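Notes follow once the structure below has been shown.
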Amino acid sequence: MKYDILNTEKKWQDKWEQDGIFHASEDHSKPKFYGLVEFPYPSGAGMHVGHIKAYSGLEVVCRKRRMQGYNVLFPIGFDAYGLPTENYAIKTGIHPRKVTDMNIEKFTSQLRRVGFSFDWTRTVDTTQEGYYKWTQWIFRKMFDAGLVFRATTLVNYCPTCKVVLSNEDSQGGKCDICHSDIVQKSKDVWYLRITEYADKLLDGLNDVDYLPNVRLQQENWIGRSTGAFADFRLVDEGGNELAEKLRIYTTRPDTMFGVTFMVMAPEHPVLEKYADKLTNKAELDAYKAECAKKTEFERTQLVKDKTGVCIGGIRAVNPVTGKTIPIYISDYVMMGYGTGAIMAVPAHDERDYAFAKKFGIDIIEVIKGGDISKEAYTGDGEMVNSGFLNGIATKKEAIEKMLVYLGEKGVGEKGIQYKMKDWAFNRQRYWGEPIPIVHCPVCGDVGVPYEELPLRLPAVENFAPGEGGESPLAKIDSFVNCKCPRCGGDAKRETDTMPQWAGSSWYFLRYCDPSNDNSFADPERLKYWMPVDWYNGGMEHVTRHLIYSRFWHKFLYDIGEVPCAEPYAKRTAQGLILGPDGEKMSKSKGNVVDPNDVVDEYGADVLRVYILFMGDYGSAAPWSESSMRGCKRFLERIWGLLGIAVEGEVTPEIESSIHKTVKKVSGDIEEMKFNTAIAAMMALLNDIYDHGSLTVSELKLLVRLLCPFAPHICEEMWQQLGETGYCSLAAWPQWDEVKTVDATVEIAVQINGKVRAKIIVPSDADKDALIAAAKADATVAGLIAGKTIAKEIAVPGKLVNIAVKG
RNA sequence: GCGGGCGUGGCGGAAUGGCAGACGCGCUGGUCUUAGGAACCAGUCCAAUCGGGUGCAGGUUCAAGUCCUGUCGCCCGCACCA
Numbered sequence: 002m003k004y005d006i007l008n009t010e011k012k013w014q015d016k017w018e019q020d021g022i023f024h025a026s027e028d029h030s031k032p033k034f035y036g037l038v039e040f041p042y043p044s045g046a047g048m049h050v051g052h053i054k055a056y057s058g059l060e061v062v063c064r065k066r067r068m069q070g071y072n073v074l075f076p077i078g079f080d081a082y083g084l085p086t087e088n089y090a091i092k093t094g095i096h097p098r099k100v101t102d103m104n105i106e107k108f109t110s111q112l113r114r115v116g117f118s119f120d121w122t123r124t125v126d127t128t129q130e131g132y133y134k135w136t137q138w139i140f141r142k143m144f145d146a147g148l149v150f151r152a153t154t155l156v157n158y159c160p161t162c163k164v165v166l167s168n169e170d171s172q173g174g175k176c177d178i179c180h181s182d183i184v185q186k187s188k189d190v191w192y193l194r195i196t197e198y199a200d201k202l203l204d205g206l207n208d209v210d211y212l213p214n215v216r217l218q219q220e221n222w223i224g225r226s227t228g229a230f231a232d233f234r235l236v237d238e239g240g241n242e243l244a245e246k247l248r249i250y251t252t253r254p255d256t257m258f259g260v261t262f263m264v265m266a267p268e269h270p271v272l273e274k275y276a277d278k279l280t281n282k283a284e285l286d287a288y289k290a291e292c293a294k295k296t297e298f299e300r301t302q303l304v305k306d307k308t309g310v311c312i313g314g315i316r317a318v319n320p321v322t323g324k325t326i327p328i329y330i331s332d333y334v335m336m337g338y339g340t341g342a343i344m345a346v347p348a349h350d351e352r353d354y355a356f357a358k359k360f361g362i363d364i365i366e367v368i369k370g371g372d373i374s375k376e377a378y379t380g381d382g383e384m385v386n387s388g389f390l391n392g393i394a395t396k397k398e399a400i401e402k403m404l405v406y407l408g409e410k411g412v413g414e415k416g417i418q419y420k421m422k423d424w425a426f427n428r429q430r431y432w433g434e435p436i437p438i439v440h441c442p443v444c445g446d447v448g449v450p451y452e453e454l455p456l457r458l459p460a461v462e463n464f465a466p467g468e469g470g471e472s473p474l475a476k477i478d479s480f481v482n483c484k485c486p487r488c489g490g491d492a493k494r495e496t497d498t499m500p501q502w503a504g505s506s507w508y509f510l511r512y513c514d515p516s517n518d519n520s521f522a523d524p525e526r527l528k529y530w531m532p533v534d535w536y537n538g539g540m541e542h543v544t545r546h547l548i549y550s551r552f553w554h555k556f557l558y559d560i561g562e563v564p565c566a567e568p569y570a571k572r573t574a575q576g577l578i579l580g581p582d583g584e585k586m587s588k589s590k591g592n593v594v595d596p597n598d599v600v601d602e603y604g605a606d607v608l609r610v611y612i613l614f615m616g617d618y619g620s621a622a623p624w625s626e627s628s629m630r631g632c633k634r635f636l637e638r639i640w641g642l643l644g645i646a647v648e649g650e651v652t653p654e655i656e657s658s659i660h661k662t663v664k665k666v667s668g669d670i671e672e673m674k675f676n677t678a679i680a681a682m683m684a685l686l687n688d689i690y691d692h693g694s695l696t697v698s699e700l701k702l703l704v705r706l707l708c709p710f711a712p713h714i715c716e717e718m719w720q721q722l723g724e725t726g727y728c729s730l731a732a733w734p735q736w737d738e739v740k741t742v743d744a745t746v747e748i749a750v751q752i753n754g755k756v757r758a759k760i761i762v763p764s765d766a767d768k769d770a771l772i773a774a775a776k777a778d779a780t781v782a783g784l785i786a787g788k789t790i791a792k793e794i795a796v797p798g799k800l801v802n803i804a805v806k807g
């Protein structure tokens with residue numbers, strides 16, 4: 002009897018959905034398990050096999066959990082606001098709402114064909130009013146809490162998309178969406194004060210189980226460094242002290258006696274403040290103008306000679322030596338980190354060294370150990386030329402002493418800095434959540450009242466942003482003009498929308514209670530389901546989505562809206578699927594594999610098994626259609642077991658093989674080692690065919706073991722074997738530890754590390770017994786005869802090694 | 001430059017410090033077929049007598065793909081972060 006893939010798969014998918022067997026309920030009699038995968042952005046291109054891989058890992062885990070008796074929540078939804086949809090709408094004239102609905106429909110049908118056990122009753126779509134009402138609500142709460150602020154600053158601006166981008170969205174100086182070069186532009190920008198949560202985001206990592214490289218990337222992104230702030234007095238040409246001091250940040254206060262000059266960013270406000278004192282203002286302005294032309298990318302990315310201009314008319318005083326030193330402006334110092342000014346210690350900092358060499362500035366060694374005539378020395382060593390620090394041997398101690406000194410003199414203190422910057426939160430775009438703020442000429446920025454949410458996205462004819470980069474919403478007078486919620490006077494609405502990351506910052510909470518209209522989710526339900534027990538997604542979201550959503554969640558925790566401090570107890574990541582050519586899949590390379598094509602030809606089960614079998618789940622692996630045929634054979638051979646299964650007594654060999662496999666597969670799923678789990682089942686299958694038969698009860702066990710991977714064929718076989726319920730809900734097979742241990746085991750006997758013989762011994766043989774058995778072997782006896790035994794090592798269950806001399 | 005990871009057959013990849021190459025693909029030979037790009041059976045690291053093999057060179061150990069040092073190559077993240 003041949004297995005009819007396509008009809009069978011459709012049949013079971015329909016039955017699962019009709020009976021709602023994957024619908025989660027708040028059943029307090031069972032332990033809960035919340036498995037979360039990153040919901041997709043429904044692009045017009047449809048899904049590719051990479052999406053399937055991203056969901057297949059937790060799909061197996063969740064299916065196993067259900068069979069283990071857990072109450073499982075495994076939801077899916079759509080992160081549907083975003084630029085590609087809007088750009089498509091601009092190009093085609095089709096409204097983004099319609100485009101989004103079409104794409105969601107396409108994604109849904111693709112996902113259903115793979116047979117994922119999602120709870121389709123809890124689907125969320127971030128662009129629905131019932132959803133973005135609460136996105137706006139959380140934003141308003143942040144506004145009330147003072148975490149939202151407006152500032153005019155230099156921002157990353159994409160001239161193609163005509164939007165302001167966060168640092169996260171413009172990594173490498175390229176727009177994350179269209180890959181154009183980013184330019185710096187002065188703009189009025191809304192920020193979320195994520196830096197306020199830097200410590201909490203960092204410290205919270207101690208309480209969760211994230212993949213080590215995920216954790217490390219988050220730590221690096223937040224980038225906490227401890228050091229010191231110090232104030233340097235400023236003096237003018239005549240030696241008169243100025244009112245303002247120059248504040249710097251340093252991680253090396255121990256080297257302060259080696260400071261021979263200072264550098265500030267070209268945009269530093271001190272230059273404006275004391276413009277009248279400057280003797281070379283024209284030269285400074287020219288340099289400043291030159292820097293403004295460069296993008297942040299050029300300033301930071303290009304390896305180049307240090308440039309700069311010495312400030313004429315103002316000098317600084319080293320607070321520990323009392324010496325007067327020059328100040329430079331240079332673009333190697335950024336306004337956006339620390340205080341925008343540094344103390345330069347050329348002897349012990351590579352950048353300062355390069356600058357000093359170029360400008361002929363003194364280099365004073367304060368730490369012994371290097372050769373400062375050749376290069377900067379950044380290592381540890383004994384302090385010299387450093388007054389009260391002389392003779393101290395370690396950096397740590399010297400820093401502590403200096404901090405005490407700075408404190409006593411009132412010229413500095415310990416300080417902490419972060420690389421992470423506040424989150425630029427507005428986009429001049431149509432297809433996003435309107436920012437619920439009103440600008441009142443009298444009251445200033447006022448939040449839209451909670452009872453007026455959602456602030457609906459109005460219908461628009463033309464979605465293109467204005468030439469000046471203003472939002473399409475700015476053209477709709479009926480939207481813009483409004484009354485101030487506070488004073489009732491004429492006011493104007495904010496016309497920018499939120500960035501794409503807004504909706505995905507809290508979706509995992511909405512899944513707990515997706516249709517609630519009175520709150521973003523019922524507190525009791527949140528208490529039951531949260532935190533997410535296991536979250537899997539791509540490495541590319543580790544520094545953005547994962548940080549942002551933790552930030553939103555922590556804020557909600559602080560205002561008492563969610564029951565736990567961290568949203569995700571565990572985070573893992575899948576590797577990419579590369580094209581058959583070994584390159585990253587992309588439309589332009591034409592190497593994208595469409596899951597629909599694979600399902601048409603091989604069926605969903607083969608697709609699922611192959612994707613999990615192709616390699617380590619966390620690593621990238623190229624697609625290979627011929628390798629997939631092996632998985633097809635595997636499932637066909639599984640199906641063939643129906644023909645050889647008989648009622649009767651189990652044979653010990655096969656029984657033992659099955660128990661070992663159950664143990665192996667159960668453990669491998671927990672470690673996401675799906676490839677070796679499938680390999681173990683393949684090996685078991687080979688054993689069974691070699692043996693020639695198995696019992697019906699053994700086959701039922703095997704079918705349950707395979708069910709999370711290939712559920713359709715397993716349901717069909719389950720039914721063929723006379724079962725009336727769902728295999729998907731049957732009990733996860735148990736193994737008997739005793740039966741995983743063979744009565745005898747083959748042991749390798751090594752002489753001086755080389756295998757010379759194999760012996761069969763009882764599995765529980767101890768070391769002495771092993772050595773005795775080894776020596777009793779004829780080959781071994783011959784090889785050690787007449788030689789001195791230097792050492793005998795026996796590892797039960799593994800091997801014996803006899804080291805001989807002579 | 002800094003941080004992290006990786007390097008194993010023709011290919012994807014397995015190996016708590018304990019018999020390297022599980023499992024799959026591909027390939028070779030065979031069976032059955034009008035046919036085979038189907039199915040099944042046998043074989044498949046090199047050399048085949050000792051042996052030699054996990055990028056390269058050392059080291060630790062009774063024992064190293066695994067640990068340590070150096071080196072080469074590749075991948076990812078951050079990038080003048082003071």
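Per our numbering, residue 2 is the first one in the first sequence, and the count goes up by one each step.
Idealized CB from N, CA, C, for every residue including glycine.
Computed from a prediction, not measured in an experiment: that's the story for all the values here.
* Can you give me the Cβ contacts of residue 74 inside the same chain, cut-off strictly under 8 angstroms, excluding the 5 residues immediately before and after it? => Within the same chain, residue 74 has close Cβ partners 25, 33, 34, 35, 36, 120, 123, 512, 513 and 530.
* Just checking, does the stretch 307 to 322 make contact with the stretch 264 to 280 on the three C-beta pairs under 8 angstroms criterion? -> Yes, the stretch 307 to 322 is in contact with the stretch 264 to 280.
* Asked: If you drop the 5 nearest sequence neighbours on each side, which residues of the same chain put their C-beta closer than 6 angstroms to that of residue 420?
  -> Cβ within range, chain order: 224.
* Which residues in the same chain have their Cβ closer than 6 angstroms to the Cβ of residue 488, if we skip the five residues on either side of it in sequence? -> Around residue 488: 443 and 444.
* To do: Report yes or no: do the stretch 590 to 609 and the stretch 563 to 581 share at least 3 C-beta pairs separated by less than 8 angstroms?
  => Touching, yes.
* Asked: residue 39: buried (16+ other C-beta within 10 angstroms of its C-beta) or exposed?
  -> By the neighbour-count criterion, in which a residue is buried when 16 or more other Cβ atoms sit within 10 angstroms of its Cβ, residue 39 is buried.
* Just to confirm, are residue 264 and residue 187 a CB contact at a threshold of 8 angstroms? -> No; because the gap between Cβ atoms is not below 8 angstroms, this pair is not in contact.
* Asked: Near residue 245, which residues of its chain fall below 8 angstroms by C-beta distance, leaving aside the five closest residues on each side in sequence?
  -> In its chain, beyond the 5 residues on either side, 235, 271, 274 and 275 have a beta carbon closer than 8 angstroms to the beta carbon of residue 245.
* **Extent of the continuous alpha helix (DSSP H) to which residue 465 belongs** => Taken as a continuous stretch (DSSP letters only), residue 465 belongs to no alpha helix (DSSP H), as it is neither H nor E.
* Asked: In angstroms, rounded to a whole number, what distance separates the CA positions of residue 356 and residue 628?
  -> Rounded to whole angstroms, the separation of the alpha carbons of residue 628 and residue 356 is 57 angstroms.
* Please say whether residue 544 and residue 219 have beta carbons closer to each other than 8 angstroms? => Yes, Cβ-Cβ distance for residue 219 and residue 544 is below 8 angstroms.
* For the beta strand (DSSP E) that contains residue 735, what are its first and last residues? -> Looking at the DSSP string, residue 735 is not in any beta strand (DSSP E), and its letter there is neither H nor E.
* Would residue 789 pass as a contact of residue 801 if the rule is Cβ separation under 8 angstroms? -> Contact: no.
* Environment of residue 428 [buried if 16+ CB atoms lie within 10 Å] -> The residue is buried, with at least 16 neighbouring Cβ atoms inside 10 Å.
* To do: Can you say whether residue 57 is buried or exposed, counting buried as having 16 or more other CB atoms within 10 angstroms of its CB?
  => Buried, because 16 or more other Cβ atoms sit within 10 Å of the Cβ of residue 57.
* So does the stretch 729 to 749 actually touch the stretch 760 to 768, counting three or more Cβ pairs closer than 8 angstroms? -> Taking a contact to require three or more Cβ pairs closer than 8 angstroms, the stretch 729 to 749 and the stretch 760 to 768 qualify as touching.
* Asked: Could you give the distance in angstroms between the alpha-carbon of residue 470 and the alpha-carbon of residue 499?
  -> Whole-angstrom Cα-Cα distance: 15 angstroms.
* Per the contact definition of three or more C-beta pairs closer than 8 angstroms, is the stretch 195 to 208 in contact with the stretch 547 to 562? -> They touch, by the three-pair rule.
* Whole beta strand (DSSP E) runs in the stretch 600 to 662 with 3 or more residues, listed along the chain? -> The stretch 600 to 662 contains no whole beta strand (DSSP E) run of 3 or more residues.
* **In DSSP terms, what residue 428 is bridged to** => Answer is 498.
* Close Cβ partners of residue 670 (< 8 angstroms) along its chain, the five nearest in sequence each way excluded -> Short of 8 angstroms from the beta carbon of residue 670, and not among the five residues preceding or following it, lie these beta carbons of its own chain, in chain order: 61, 62, 65, 678 and 709.
* To do: With a threshold of 16 other CB atoms inside 10 Å of the CB of residue 560, please say whether the residue is buried or exposed.
  => Result: exposed.
* Curious, which full-length alpha helix (DSSP H) runs of at least 4 residues does the stretch 494 to 550 contain? -> The qualifying runs are 508 to 511 and 524 to 530.
* Runs of alpha helix (DSSP H) wholly within the stretch 326 to 373 (minimum 4 residues, chain order) -> List check, alpha helix (DSSP H) in window: 351 to 360.
* **CA-to-CA distance, residue 349 to residue 1, given in whole angstroms** => The question about residue 1 has no answer, for the chain in this structure spans 2 to 807.
* Sequence ranges, alpha helix (DSSP H) only - wholly within the stretch 381 to 456, length at least 4 -> Counting only runs of at least 4 residues, the stretch 381 to 456 fully encloses the following alpha helix (DSSP H) elements, listed from N- to C-terminal order: 396 to 410.
* Asked: For the beta strand (DSSP E) that contains residue 187, what are its first and last residues?
  -> Where residue 187 is concerned, the enclosing beta strand (DSSP E) stretches over 184 to 193.
* C-alpha distance - residue 195 paired with residue 435, whole-angstrom precision -> Their backbone Cα atoms lie some 20 angstroms apart in a straight line.
* Asked: Going straight from the alpha carbon of residue 189 to that of residue 509, what length do you get?
  -> Per the coordinates, the alpha-carbon of residue 189 lies some 31 angstroms from the alpha-carbon of residue 509.
* To do: Please go through the same chain and pick out, in chain order, the residues whose beta-carbon is closer than 8 angstroms to the beta-carbon of residue 479, but skip the five residues on each side of it.
  => 459.
* Residues that DSSP places opposite residue 316 in a beta bridge -> DSSP, once it has assigned bridges, lists 236 and 327 as partnering residue 316.
* Asked: Which of helix, strand or coil does DSSP assign to residue 767?
  -> Looking at residue 767 - three-state DSSP - the assignment turns out to be coil, as it is neither helix nor strand.
* Asked: Using the rule of at least 16 other Cβ atoms within 10 Å of the residue's Cβ for burial, across every protein chain shown, is residue 213 buried or exposed?
  -> So residue 213 ends up on the exposed side.
* Within the chosen definition, does the stretch 71 to 91 reach the stretch 40 to 56 through at least 3 CB pairs nearer than 8 angstroms? -> The stretch 71 to 91, when compared against the stretch 40 to 56, does touch it at the 8 angstroms Cβ threshold.
* Alpha carbon to alpha carbon, what distance is there between residue 680 and residue 614? -> Rounded to the nearest angstrom, the two C-alpha atoms are 8 angstroms apart.
* CB-CB length for residue 367 against residue 344, believed under 8 angstroms -> Rounded to whole angstroms, the Cβ separation of residue 367 and residue 344 is 12 angstroms, and the two are not in contact under 8 angstroms.
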